[in-house]
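Read through the structure below, which is laid out as structure tokens, and then see the notes.
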Amino acid sequence: MNPSGSLCSMNAVISISPPEEEKNSKMKQVYSREFQEMLDGLEEDDRLEEAGQATEKKKRLSVAQVKALEKIFEVESKVDSERTLKLAEELELQPRQVAIWFQNRRARWKAKQLEKDYGLLKANYDALKLDYNNTQQENDALIAKAYTLRDLKAKFKDEKSVKEESDIDAELLMSPASSCLQVNGSSSSSDSSNHQQWFQPFEPRKVVGNLHEPQLLKAEEQCMITAEECCNFFSVDQAPSLQWYFTGH
DNA sequence: TTGTGTTTTATTGCCTCC
DNA sequence: GGAGGCAATAAAACACAA
441 MNPSGSLCSM NAVISISPPE EEKNSKMKQV YSREFQEMLD GLEEDDRLEE
491 AGQATEKKKR LSVAQVKALE KIFEVESKVD SERTLKLAEE LELQPRQVAI
541 WFQNRRARWK AKQLEKDYGL LKANYDALKL DYNNTQQEND ALIAKAYTLR
591 DLKAKFKDEK SVKEESDIDA ELLMSPASSC LQVNGSSSSS DSSNHQQWFQ
641 PFEPRKVVGN LHEPQLLKAE EQCMITAEEC CNFFSVDQAP SLQWYFTGH
């Protein structure tokens, strides 16, 4: 809708309207009847203003008019020029008023929709953030557990090596030949099962990255996105896709 | 009554499409 | 190049607390 509508053309008329001294009867007869009526109206406004009376300014549409327009808007948010003319006639409005009403109504609808979308996104974001915090806590607990296990394992290794050394010494004293085989082979079955008990693996599925020994300290570093990045996912600076709006048009 | 915030009507300028 | 759409904005009308 170009401002070159009726009111715009009126503005153009105002800007090109002749100076006051030329608005005499002589000039009046030069213009078309329609144009002349408009000029008369402007002159009437001028007279009213001079007399201190308020000129007719913005007028609110009547409740009935708005109701009718709202009803139509529910069905069709846009109306073509033909329909606009018809509606204007039915509602006793200027076609441009009808067109402007629909334009403003679409703007209001869009603003409301944006508000709704923002609410939804915020709710999603809050839920996601909560979930992220929970997972983070879980992760911290698992890392702490991993540290404990690593320490226990180291401790166990130390104790075992000390014990093995004394065993070897003892065996060497008893039978030097056979002891060599025992040291190189697997340890006793009871030892082995003990070992298994100590290092029962916890659920690695829940941990980011591999939790094999060399990676223990890197579990957090392997997280692909930082906490900061996660929190900025629904940044308010980022505009929504507006898919709701564009798909309908 | 008046100051202030909100809503509604209207304008302007820019953009896209035919 | 004109028609029509939208965003940004102005300004009148309205609501309401103090």
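The numbering of the first sequence is our numbering, which starts it at 441 and goes up by one.
Backbone N, C-alpha and C define an ideal beta-carbon position, used for all residues, glycine too.
Treat the numbers as computed from the prediction; the structure is a model and nothing was measured.
Report task. Report buried or exposed for A547, applying the criterion of at least 16 other Cβ atoms within 10 angstroms of its Cβ. Result -> So A547 ends up on the exposed side.
Query raised in the report: Is it right to say A586 is buried, meaning 16 or more other beta carbons lie within 10 angstroms of its own, or is it exposed?
Result: By the neighbour-count rule (16 or more Cβ atoms within 10 Å), A586 is buried.
Query raised in the report: In whole angstroms, what separates the C-alpha of A567 from that of A508?
Result: Roughly 42 Å separates the two Cα atoms.
Query - Expected contact under 8 Å - CB spacing of A551 and V538 to nearest Å - result: Contact between A551 and V538 does not hold, since the beta-carbon distance rounds to 21 Å and is not under 8 Å.
Query raised in the report: With respect to the alpha helix (DSSP H) encompassing K526, which residues constitute its N-terminal and C-terminal limits?
Result: Here the alpha helix (DSSP H) through K526 covers S521 to L531.
Query raised in the report: How big is the Cα-Cα spacing for Y565 and R545?
Result: Whole-angstrom Cα-Cα distance: 30 Å.
Query raised in the report: With 16 as the cutoff for other CB atoms within 10 Å, does T524 come out buried or exposed?
Result: T524 is buried by the Cβ-count criterion.
**Report entry** Under 8 Å between C-beta atoms of W549 and S517
**Finding:** Contact flag set, yes.
Query raised in the report: Can you name the start and end residues of the alpha helix (DSSP H) that L509 belongs to?
Result: L509 -> alpha helix (DSSP H) spans V503 to V515.
Report task. Go ahead and pull the three-state DSSP assignment for Q553. Result -> In the structure shown, the three-state DSSP call for Q553 is helix.
Requested in this report: Measure the C-alpha to C-alpha separation of T575 and E599 and round it to an integer number of angstroms.
Outcome: The alpha-carbon atoms of T575 and E599 are separated by roughly 36 Å.
Requested in this report: Going by CA-CA distance only, name the one from Q553, A504 and F513 that's closest to L533.
Outcome: Nearest of Q553, A504 and F513 to L533, Cα basis: A504.
Report task. May I ask you to report which of helix, strand or coil DSSP gives K518? Result -> Residue state, collapsed to three classes: coil.
**Report entry** For R500, three-class secondary structure by DSSP
**Finding:** Coil at R500, not helix or strand.
Query raised in the report: Taking 7 Å as the cut-off, is the CB of K499 close to at least one heavy atom of the ligand MN?
Result: The ligand MN is not part of this structure, which contains no ligands at all.
**Report entry** K569 to A563 span [Cα, whole Å]
**Finding:** For K569 and A563, the distance between alpha carbons rounds to 10 Å.
Query raised in the report: Do you know how far the Cα of S601 is from the Cα of E578?
Result: Cα to Cα, the separation comes out at about 35 Å.
Query - Burial state of L560, where buried means 16 or more other Cβ atoms lie within 10 Å - result: Result: exposed.
Report task. Count the other CB atoms, across all protein chains shown, that sit within 10 Å of the CB of L531; report buried if there are 16 or more and exposed otherwise. Result -> Label assigned to L531: buried.
Report task. Please report how far the alpha carbon of D580 lies from the alpha carbon of K597, in whole angstroms. Result -> Taking the straight line from one Cα to the other gives about 26 Å.
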